[in-house]
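To start, the structure under review is shown below, and the notes come after it.
Residue numbers (UniProt numbering): 1 to 208.
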């Protein structure tokens, strides 16, 4: 019973402290703020009577903000799906653009009656242009795929150097990156050929 009474007393003291703190905060805000002094309800009614256009504009802004928050997730999903589909979309049209129904590619010679005819020339351009653009996109995407690991590795190295402070200015130049890269290649080569433990002994001997 004594423990329950003690807990009840502590709880009542905590509630009293919270109420007093809230009361002091409210009094301080009423003394310093012009918004709390007349009260929220009275201020809202006065603004509604005097500045109805401002109140309507605020209501429209709140409704627009709520609509944007509701549509944010579907828009993000749709935008991400559109980006993914736009990346792989040209691959589905390689056969359509570069291979005709007879099985000949667009790079093979096409027998045309008269290339000087503007209609025939425009038809040849119309057939070969999508194939050329699709091929160029595939080549560019392949180059990006090959270079992406190299760029990511270099960016990670720059991120490691970003938090380093207090060194001389030449330390942050390209020569340091070249040295890091050479040491990394050396360590990787030693671990691949000698194993982890033997490579550690060799690198310790080299550093000495």
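Ideal placement from N, C-alpha and C gives every residue a C-beta, glycine not left out. Here the structure is a predicted model, which is why all the values come from computation and not from measurement.
#1: Below 8 angstroms on the Cβ atoms is my contact criterion, and I expect residue 134 with residue 90 to pass it. Report the Cβ-Cβ distance as a whole number of Å.
#2: Checking contacts by CB at 8 angstroms: is residue 14 closer than that to chain D?
#3: Would you mind sorting residue 131 into buried or exposed? The rule is 16 or more other CB atoms within 10 Å of its CB.
#4: Tell me whether residue 90 sits in a helix, a strand or coil according to DSSP, three-state version.
#5: Going by DSSP, what residue range makes up the alpha helix (DSSP H) through residue 166?
#6: Let me know if residue 98 comes out buried or exposed under the rule of 16 or more other beta-carbons within 10 Å of its beta-carbon.
#7: Who are the Cβ neighbours of residue 173 in its own chain at under 8 angstroms, not counting the five residues just before and after it?
#8: Figure out for me which residue from 187, 137, 94 has the closest Cα to the Cα of residue 207.
#9: Report the CB separation of residue 203 from residue 177 in whole angstroms; it is logged as a contact under 8 angstroms.
#10: Assign residue 71 to one of three DSSP states: helix, strand, or coil.
#11: On the DSSP letters alone, give me the boundaries of the alpha helix (DSSP H) that residue 195 sits inside.
#12: On the three-state DSSP scale, how would you describe residue 8?
#13: Give the secondary structure of residue 51 by DSSP, where H, G and I count as helix, E and B as strand, and everything else as coil.
#14: If you reduce the DSSP assignment to three classes, tell me which class residue 173 lands in.
Result, derived from the coordinates:
#1: Counting from one through the chain shown, the residue named residue 134 turns up at place 134. Counting from one through the chain shown, the residue named residue 90 turns up at place 90. 5 angstroms between Cβ atoms; contact.
#2: Although the question refers to chain D, the structure presented lacks it and comprises just one protein chain.
#3: Position 131 of the chain shown, counting from 1, holds the residue named residue 131. Classification for residue 131: buried.
#4: Here residue 90 refers to the residue found at position 90 of the chain shown. Residue state, collapsed to three classes: helix.
#5: The residue labelled residue 166 in the question sits at position 166 within the chain shown. Per DSSP, residue 166 belongs to no alpha helix (DSSP H) and is neither H nor E.
#6: If you number the chain shown from 1, residue 98 lands on position 98. Looking at its Cβ environment, which holds 16 or more other Cβ atoms inside 10 Å, residue 98 is buried.
#7: Within the chain shown, the letter at position 173 stands for residue 173. Around residue 173: no qualifying Cβ.
#8: As a working mapping, residue 207 is identified with position 207 in the chain shown. The residue with the shortest Cα to Cα distance from residue 207 is 187.
#9: As a first step, residue 203 must be located in the chain shown, where it is residue number 203. As a first step, residue 177 must be located in the chain shown, where it is residue number 177. Not a contact, Cβ separation roughly 20 angstroms.
#10: Residue numbering aside, residue 71 sits at position 71 when the chain shown is read from its first letter. When secondary structure is reduced to three states using DSSP, residue 71 falls in the helix class.
#11: Taking the chain shown and counting its residues from 1, the one referred to as residue 195 is at position 195. Where residue 195 is concerned, there is no enclosing alpha helix (DSSP H), given that its DSSP letter is neither H nor E.
#12: If you number the chain shown from 1, residue 8 lands on position 8. Helix at residue 8.
#13: What you label residue 51 is simply residue 51 of the chain shown in a count that begins at 1. Of the three classes helix, strand and coil, the one that applies to residue 51 here is coil, per DSSP.
#14: Counting from one through the chain shown, the residue named residue 173 turns up at place 173. In the structure shown, residue 173 sits in coil (DSSP, three-state: anything other than H, G, I, E or B).
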